[in-house]
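Add 12 to the 1-based position in the sequence shown for the working numbering, that's all there is to it.
In this text, a Cβ means the ideal position worked out from N, Cα and C, and glycines have one as well.
Because the structure is a prediction, the values reported are computed rather than measured.
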Amino acid sequence: MRVTPGSEVRSASADRADEGRWAYRPDIDGLRAVAILLVVTYHVWIGRVSGGVDVFLMLSAFFLTRGFVRRMDGPTPVRPVAHLIGIFRRLLPAAAVTLVGVLALAWTFFPPATWRAIWEQTWASLLYVQNALLAADAVDYYARAEVPSPLQHFWSMSVQGQAFVLWVVILAGCQIVVRRFGASPDRVVGLVFGAVFALSLAYSIVRTAAEQQSAYFDTGARLWEFAAGSLLVVVLPHVRPGPVVRALLGWAGLFGLLVLGLVVDVQGGFPGFLALWPVLCAAAVVVSGSGVASGGPARLLASRPLRFLGRDAYALYLVHWPILVTFLIVTGREGAGIVGGTLVIVLSLALARALTAAVDTPVREWRRSDPSRLVPIAVVVVATAVVVLPVTAWQVSSELEARAVAARAALANPGAAVLHDPTLPEPPADAVLLPMPAALEDEWMQLDRPCTGDRAPTAEILIGTCNETTHTARAGRTIVVVGDSHSQQITAALVPLAEQNGWGVIMLVKGGCSMGLDEPGMDPTCDAWREAAVDHVEWMRPDAVVTVVTRSDHGESDEALRPGIDRFLDRMGDAGIEVLGIRDNPRFGFDMYSCVAEASDPVECAVPRAGSLADDNPAVVLDRAGVQLVDLTPWICPDDVCVGVVGNVVLYRDDNHLSRTYAATLAPLLAEQLPPSLG
């Protein structure tokens with residue numbers, strides 16, 4: 013070879029290595045098959061997370077970056093917008109069909125109380141923001157659900173979709189730099205994504221240590237996994253270990269992936285530094301298969317069965333989780349078991365093959381046969397419409413039904429009024445129960461707006477926990493409801509009285525944090541929140557404070573005073589603030605709303621009052637000047653039986669919280685127990 017001054021000398025092996033990174037890699041298809049098998053088997057049989065999703069995230073960035081880098085300095089650079097539309101043209105059709113299938117399953121098999129959440133998650137999945145929704149729910153006291161979501165697995169596709177948009181923007185910028193300044197694509201991409209890797213990994217470690225549950229779904233805490241895939245494209249031609257080392261790397265990487273979910277609590281520890289394990293293992297497998305044939309796992313991964321399964325990996329990921337969740341709901345089981353799990357996997361494989369053959373493959377063939385730029389746009393629009401039309405129609409029809417029921421509620425759903433006023437006519441036996449299942453999430457009591465003016469808290473820990481009625485600023489009297497979610501729910505009985513009397517109502521509540529100052533909270537910040545809340549109430553000096561002073565229990569413990577509630581009463585007494593001490597409502601070992609919805613007769617769900625409440629109100633020992641005790645038990649457990657329905661209204665929204673609808677019907681009963689000072 014003749015060498016002229018300034019020419020670049022490359023060895024033949026270096027040229028082959030560089031060219032090899034663009035070639036089709038059947039072993040990577042096999043690696044995708046291994047990853048999806050791990051995901052499915054761990055979900056179905058082990059009940060844990062495997063780390064296979066992390067492999068998918070890294071490989072998706074590997075392929076996206078490889079396509080850009082290959083053309084970055086060539087005659088036909090990548091058109092970013094068209095490329096991005098093309099990505100979603102490949103992803104959306106199969107996802108849309110899956111979403112419609114889940115809607116059909118929900119309509120047929122899922123409890124109506126889950127429908128609203130499924131609608132919400134359908135929209136979130138379609139718009140690639142499901143991870144944000146789940147991150148919010150992961151730290152939300154009020155988002156507890158007994159029925160698993162059939163769309164929960166769309167979180168990873170949302171992260172992937174968000175990262176794809178960001179990656180196309182970043183790679184487009186890299187392409188501009190490369191073409192304008194003649195820089196090396198590998199160098200530019202390596203520097204940029206090296207920085208992304210370092211920053212995101214540092215953020216991920218800190219975020220995971222602070223709030224792991226929400227960090228798990230955080231795109232920012234996952235970007236380093238994508239960056240690792242991009243960096244792998246850059247370093248691949250420069251990493252050329254010998255055959256023995258490559259073989260060891262490959263087998264070690266594959267073994268590491270197979271045992272990861274058994275050794276590490278993936279769901280409880282990711283995506284911090286522990287997620288380096290699957291990412292590095294997958295990278296080792298890719299590096300191992302990048303040269304000539306060796307004793308590594310490349311030949312196994314490139315085998316026909318694994319390549320065949322790898323072809324359906326995306327579809328299998330889409331369908332396996334809804335099938336598993338539906339199976340558990342239909343059978344009433346907590347786990348699939350050997351036989352049931354086998355049935356779930358076989359059905360998932362069959363549906364994945366059908367989804368690939370009937371949707372994914374035809375869409376790809378259409379693109380190949382028609383190069384028009386309108387084809388990808390048409391695919392995205394049609395796929396979106398396929399989901400939007402049925403979910404919108406379902407929501408609208410449900411809303412119309414709810415409005416019709418609400419219009420008849422005064423006569424058909426009197427709630428506690430039937431216990432208070434014996435002259436009321438018997439409500440129609442065929443009336444629809446309120447609240448309706450699809451409206452159950454609205455049954456958390458909320459006030460009109462965040463606290464404003466001098467009522468707005470200054471302590472950071474109280475931000476977001478203080479709300480008020482609109483007219484509070486000009487009200488003659490102000491009542492503050494403070495404490496946990498049980499205090500929050502009883503506010504629904506107070507608001508109608510406040511509207512009648514022109515009172516302002518402020519709700520200062522945090523789920524799981526009662527005003528028993530010595531009671532362990534459900535949130536580690538409860539102690540600090542309570543102290544700040546008491547300080548804020550003392551500063552506002554309302555006319556009265558409302559809080560729940562006892563705690564009921566459905567188990568071995570008896571109903572008792574909230575530990576430390578006497579110290580709270582002392583603080584209020586010293587500040588000259590009157591307290592309305594509410595007796596707690598019953599708690600159950602089952603979801604009362606679900607029981608009523610599924611029972612042929614709501615009486616089947618009733619339990620004796622003694623199963624949750626004491627014979628006598630434990631709060632009587634708190635009777636003192638400035639404290640007015642309120643006990644609504646006779647209208648919650650009439651005749652010493654805690655029922656699920658009164659006056660065609662369901663009393664509870666779950667296993668221990670009063671429904672907002674029923675609590676509102678308790679207003680006249682609460683009025684009878686208010687102190688004269690509020691008259």
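Query - Nearest neighbour of R60, chosen from V275, V181, H95, L235 [CA to CA] - result: Checking every option, the nearest Cα to that of R60 belongs to V275.
Query raised in the report: Counting Cβ pairs, one atom from each stretch, are 3 or more of them under 8 Å apart for the segment 671 to 689 and the segment 444 to 456?
Result: They touch, by the three-pair rule.
**Report entry** Three-state secondary structure (DSSP) of Q640
**Finding:** DSSP places Q640 in strand when its eight states are reduced to three.
Query - Opening and closing residue of the beta strand (DSSP E) in which C478 lies - result: The continuous beta strand (DSSP E) containing C478 extends over residues 478 to 480.
**Report entry** Given 8 Å, three or more beta-carbon pairs between the segment 31 to 41 and the segment 296 to 316
**Finding:** Result yes; three or more Cβ-Cβ pairs closer than 8 Å.
Requested in this report: Check whether the Cβ atoms of L670 and Q501 sit closer than 8 Å, and answer yes or no.
Outcome: Yes, they are a contact pair.
Query raised in the report: What do you get for H498, buried or exposed, if any count of 16 or more other CB atoms within 10 angstroms of its CB means buried?
Result: That one is buried.
**Report entry** D547 versus D586 - alpha carbon distance
**Finding:** C-alpha separation (whole angstroms): 12 Å.
Query raised in the report: Would the beta-carbon of V517 fall within 8 Å of that of L506?
Result: Yes; because the gap between Cβ atoms is below 8 Å, this pair is in contact.
Report task. Let me know the secondary structure DSSP gives L270 once reduced to three states. Result -> When secondary structure is reduced to three states using DSSP, L270 falls in the helix class.
Query raised in the report: Can you tell me the Cα-Cα spacing of A416 and V394, whole angstroms?
Result: If you draw a straight line from the Cα of A416 to the Cα of V394, it is about 33 Å long.
Query raised in the report: Can you tell me the Cα-Cα spacing of A295 and L244, whole angstroms?
Result: Roughly 7 Å between the two C-alpha positions.
Query - Residue(s) in a DSSP beta bridge with Y664 - result: BP columns for Y664 point to L670.
Report task. Below 8 Å CB to CB, which residues in the same chain sit around R44 once its five sequence neighbours on both sides are set aside? Result -> Take R44, set aside five residues on each side of it, and the residues of its chain with a beta-carbon closer than 8 Å to its own are V67, F68, L71, G322, A325, in chain order.
Query raised in the report: DSSP state of V200, grouped into three classes?
Result: Note: V200 maps to helix in three-state DSSP.
Query raised in the report: Excluding five sequence neighbours on each side, which residues of the same chain lie with their C-beta closer than 7 Å to the C-beta of W263?
Result: Once the five neighbours on either side are set aside, the close Cβ partners of W263 are G308, P309.
Query raised in the report: Are there three or more Cβ pairs, one per stretch, closer than 8 Å when the segment 371 to 390 is compared with the segment 104 to 117?
Result: Touching, per the Cβ criterion.
Query raised in the report: Which of the three DSSP states, helix, strand or coil, is assigned to T110?
Result: If DSSP states are grouped into helix, strand and coil, T110 belongs with the helices.
Query raised in the report: Can you check whether the CB of N513 is closer than 8 Å to the CB of S600?
Result: According to the sequence shown, residue 600 is Phe rather than Ser. No; because the gap between Cβ atoms is not below 8 Å, this pair is not in contact.
Query raised in the report: Should L573 and A631 be called a contact, given that it needs their Cβ atoms to be closer than 8 Å?
Result: The Cβ-Cβ distance between L573 and A631 falls below 8 Å.
Requested in this report: Hey, could you find the ends of the beta strand (DSSP E) A622 is sitting in?
Outcome: Careful: A622 lies outside any beta strand (DSSP E) and carries neither H nor E.
Query - Proximal residues to E453 (C-beta, below 8 Å), its chain only, five neighbours per side dropped - result: Taking E453 as the centre and dropping the five residues before and after it, the same chain places the C-beta of R128, A129 closer than 8 Å to its C-beta, in chain order.
Query - Continuous alpha helix (DSSP H) stretch holding G64: start and end - result: Start and end: 64 to 83.
Query raised in the report: Going along the chain, which residues of its own chain have a beta-carbon closer than 6 Å to the beta-carbon of A510, five neighbours each way excluded?
Result: Hits under 6 Å: V517.
Query raised in the report: For W515, which beta-bridge partners are listed by DSSP?
Result: Answer is R489, bridged to W515.
Query raised in the report: Can you give the Cα-Cα distance for L682 and L581, rounded to whole angstroms?
Result: In a straight line, the C-alpha of L682 is about 20 Å away from that of L581.
**Report entry** Length of the line joining the Cα atoms of S606 and N143
**Finding:** In this structure, the alpha-carbon of S606 lies about 27 Å from that of N143.
Query raised in the report: Are there 16 or more other CB atoms within 10 angstroms of the CB of A222, so buried, or fewer, so exposed?
Result: Exposed, by the Cβ-count rule.
Query - Spatial distance of P290 from G268 (CA atoms) - result: So the alpha carbons of these two residues sit roughly 7 Å apart.
Query raised in the report: Which ranges would you report for the alpha helix (DSSP H) in the segment 511 to 594 if only whole runs of at least 4 residues count?
Result: Segments of the alpha helix (DSSP H) lying fully in the segment 511 to 594: 538 to 552, 577 to 586.
Requested in this report: Output yes or no for whether 8 Å exceeds the beta carbon distance between R101 and V90.
Outcome: For R101 and V90, no; Cβs fall outside 8 Å.
**Report entry** Reduced DSSP category for V90 - H, G, I as helix; E, B as strand; rest coil
**Finding:** Reduced to three states, the DSSP call for V90 is coil.
Query - Cut-off 6 Å between Cβ atoms - residues of its own chain near A26, not counting five sequence neighbours on either side - result: Residue placement at A26 is flagged as unreliable, the pLDDT there being 49, under the threshold of 50; the coordinate-derived value follows with that caveat. By the criterion of a C-beta distance shorter than 6 Å, A26 is surrounded by no residue of its chain, once the five residues flanking it on both sides are discounted.
**Report entry** L692 vs G576 beta-carbon contact at 8 Å
**Finding:** Because the chain in this structure spans residues 13 to 691, residue 692 falls outside the shown range and cannot be described.
Report task. Could you pull out every residue in the same chain whose Cβ sits closer than 8 Å to the Cβ of T666, ignoring the five residues on either side in sequence? Result -> A small fix is needed here, since residue 666 is Asp in this sequence, not Thr. Cβ within range, chain order: R156, D603, M604, Y605.
Query raised in the report: If we count Cβ pairs, one from each stretch, closer than 8 Å, do we get three or more for the segment 555 to 565 versus the segment 606 to 615?
Result: The segment 606 to 615 and the segment 555 to 565 do not touch, with fewer than three beta-carbon pairs separated by less than 8 Å.
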